[in-house]
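Visitor:
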Amino acid sequence: MDLRSHYPFWLLKHGIVKTYPSLNDSILTEVVVMGAGITGAIVAYYLCRAGFKVTIVDKRHIGQGSTAASTCLLQYEIDTPLHKLMDIVGEGNAVRSYELCLQAIHKLHRIASNFKHVEFIAKPSFQFASFGKDIKDLEKEYALRRIHGISEVQWLDEKDIQDKFTFKAPAGILSRDGAQMDAYRLTHSLIHSAMRNGLQVYDGTEIVNIKHNKRSVQLNTNAGHTITARKLIICCGYESQNYIPKKVEELYSTYAVISEPFEQGKFWYKNSLIWETATPYLYLRTTSDNRILIGGKDDKFYNPDKRDAKLPLKTKQLQHSFNKLFPVIDFKSDFEWAGTFCNTKDGLPYIGSIRQRPNTYFALGFGGNGITFSEIAATIITDLLSGRKNNDAPIFSFTR
Ligand SMILES: Cc1cc2nc3c(=O)[nH]c(=O)nc-3n(C[C@H](O)[C@H](O)[C@H](O)COP(=O)(O)OP(=O)(O)OC[C@H]3O[C@@H](n4cnc5c(N)ncnc54)[C@H](O)[C@@H]3O)c2cc1C
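Residue numbers (this note's numbering): -8 to 391.
(1) Could you tell me which residues DSSP pairs with Y341 in its beta bridges?
(2) Does the contact criterion of 3 or more C-beta pairs under 8 Å hold for the region 375 to 388 versus the region 94 to 112?
(3) Taking L91 as the reference, give the member of K305, Y67, F0 with the closest Cα.
(4) Indicate the three-state DSSP secondary structure (helix, strand or coil) for I53 in the structure shown.
(5) Quick check on the burial criterion: 16 or more other C-beta atoms within 10 angstroms. Buried or exposed for P252?
(6) Ligand 1 and T219: does the residue's C-beta get closer than 6 Å to at least one heavy atom of that ligand?
(7) In terms of alpha-carbon separation, which member of R221, T196, G215, H216 lies closest to V208?
(8) Please list the terminal residues of the continuous alpha helix (DSSP H) segment that includes Q409.
(9) Using the C-alpha atoms, what's the distance from I53 back to G6?
(10) Bridge partners of T331, per DSSP?
(11) So, helix, strand or coil for V192, using DSSP?
(12) Would you give the residue range spanned by the beta strand (DSSP E) that H203 belongs to?
(13) Return the bridge partner residues of L19 from the DSSP annotation.
(14) How would you write the range of the alpha helix (DSSP H) that L14 sits in, first residue to last?
(15) Would you kindly work out how many angstroms separate the C-alpha atoms of F387 and D321, rounded to a whole number?
(16) Report the three-state DSSP secondary structure of L273 (helix, strand or coil).
(17) Assuming T335 and I225 make a contact with CB atoms under 8 Å, what is their CB distance in whole Å?
(18) Between the Cα of F313 and those of R346, I345, L302, L273, spot the shortest distance and give me the residue it belongs to.
(19) Taking just the CA atoms, how far does T71 sit from P271?
(20) Give every residue of the same chain whose Cβ lies closer than 6 Å to the Cβ of I79, excluding the five residues on either side of it in the sequence, and list them in chain order.
(21) Which two residues bound the contiguous alpha helix (DSSP H) that contains I386?
(22) Evaluate contact between the region 231 to 250 and the region 286 to 306, counting only Cβ atoms and requiring at least three cross-stretch pairs below 8 Å.
(23) Is C63 near ligand 1, judged by its Cβ being under 6 Å from some heavy atom?
(24) Grab me the residues of Y133's own chain with a C-beta within less than 8 Å of its C-beta, minus the 5 sequence neighbours each way, in chain order.
(25) Does any residue of chain D bring its CB to less than 7 Å from the CB of H52?
(26) Are the Cβ atoms of Y89 and I29 separated by less than 7 Å?
(27) Under three-state DSSP, which class holds S312?
(28) What does DSSP give as the partner residue(s) for S121 in the beta ladder?
(29) T46: beta carbon under 6 Å from a heavy atom of ligand 1?
(30) Return yes when the Cβ of P161 is within less than 7 Å of the Cβ of A113, no when it is not.
(31) Apply the 10 Å Cβ neighbour rule to L2 and answer buried if 16 or more other Cβ atoms are within range, or exposed otherwise.
(32) Please go through the same chain and pick out, in chain order, the residues whose beta-carbon is closer than 7 Å to the beta-carbon of A392, but skip the five residues on each side of it.
(33) Hey, could you find the ends of the alpha helix (DSSP H) K131 is sitting in?
(34) Helix, strand or coil for D290? Go by DSSP, reduced to three states.
(35) Going by C-alpha distance, which of S61, L64, V86, L65 is nearest L73?
(36) Determine the closest residue to M(-8) out of F317, S231, K380, with distance taken between C-alpha atoms.
Rendered as structure tokens:
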């Protein structure tokens, strides 16, 4: 699967941080993690800390799938607003999903602070009403978040928005708890760190066949070797669909543009993450080297050639939308990229096992909150493998 165009910003910024050998023998391990993007990295890190003997394999280099293309906004707000999610999965599960995303941001913050070269910046998140007709739903959302005490939220009216953000919008919700990070770098750091707890790492190792036995799994690699393990964790991002008997993902194309650096780096209120109520939504963040990132203009198709061909047009459109909000900021595009993206029926990820695939767990951080979902998946799977009950697991199960 072609997950992204060639030059996402963080990949160019850091290059290939580290390469690992490919697997050149048949091995036995306790747990094998398939896929070394941000999800596989957190899963492996947690499992190694819990004392498991873990091997991680990837057919690409580390972090070179969707993780390299991620724009890395961390929000506890799921793409499906709380009031809509309640209608789909019930009030308790909806609220708990939001709370788990909030906890995941804080947990990722603590983890990232262990690594000197991994950027993680906590900052507010601001969602504005794209149109006057969206105010009613946004008010409902604001009330629910306050009732359930999810983060600290503030209602902004037109004047507040003008004062804090300088653009015109009818209303919005300012949330205290958001963050931006560097998922590509964190992936490398987690894997490197987990090696101290025994993690074995093989890149350039494609799994071409999986046999799910009663007490083990047997994986065949492209080089003709075998990995035999007690448990398999599939962290193959959007390519995980290949291993699931029913279709769970809707594929989209998405686009991102990052500006040349500005001389000064204060653009709007606390350089908050900004997004809107429209679908698909436009989103903005800044970087620590004084750039502005704009993302969105999603298309509802998976066709990498068409996606990449549309990049010049999408760059213009993203820039145009930005100029409408901030006419005095002279945004000059420096890097543009496109990626494949995926949503589920309710905006929640799929985490856990499938009856037809014994000894196998899936950690699928689908949706706009992919990275926070990766952390939730790692927590749940570590609990399940450790024999601990996890009361949140049913919220994300395949049978929900
Ligand atoms: C443009 C863009 C912007 C985004 N912005 C955000 C954002 O702001 N916030 C957010 O939370 N999320 C965002 N996301 C989503 C987020 O990036 C993803 O959820 C996350 O990167 C997925 O990580 P992953 O490790 O699950 O998948 P991946 O990074 O794709 O890793 C999966 C790995 O599995 C490997 N693999 C697959 N099949 C095999 C096989 N057969 N054998 C061996 N290895 C295999 C692949 O090579 C790959 O490296 C964005 C995504 C895109 C594309």
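Think of the CB as a built atom: it goes at the ideal place given N, C-alpha and C, for glycine as much as any other residue.
Guide: Taking the coordinates as given:
(1) L355
(2) no
(3) Y67
(4) coil
(5) exposed
(6) no
(7) R221
(8) Outside the displayed span of the chain (-8 to 391) sits residue 409, for which this structure offers no information.
(9) 11 Å
(10) S244
(11) strand
(12) 198 to 203
(13) T219
(14) Neither: L14 is in no alpha helix (DSSP H) and is coded neither H nor E.
(15) 43 Å
(16) coil
(17) That pair is no contact at about 16 Å.
(18) L273
(19) 12 Å
(20) D337
(21) Element bounds for I386: n/a, residue is neither H nor E.
(22) yes
(23) yes
(24) V144, W146, I164
(25) Absent here is chain D; the protein component of the structure consists of one chain.
(26) no
(27) helix
(28) Paired residue(s): none; S121 is not in a bridge.
(29) no
(30) no
(31) buried
(32) The structure shown does not extend to residue 392, since the chain is modelled only from -8 through 391, so no value can be given for it.
(33) 126 to 138
(34) strand
(35) V86
(36) S231
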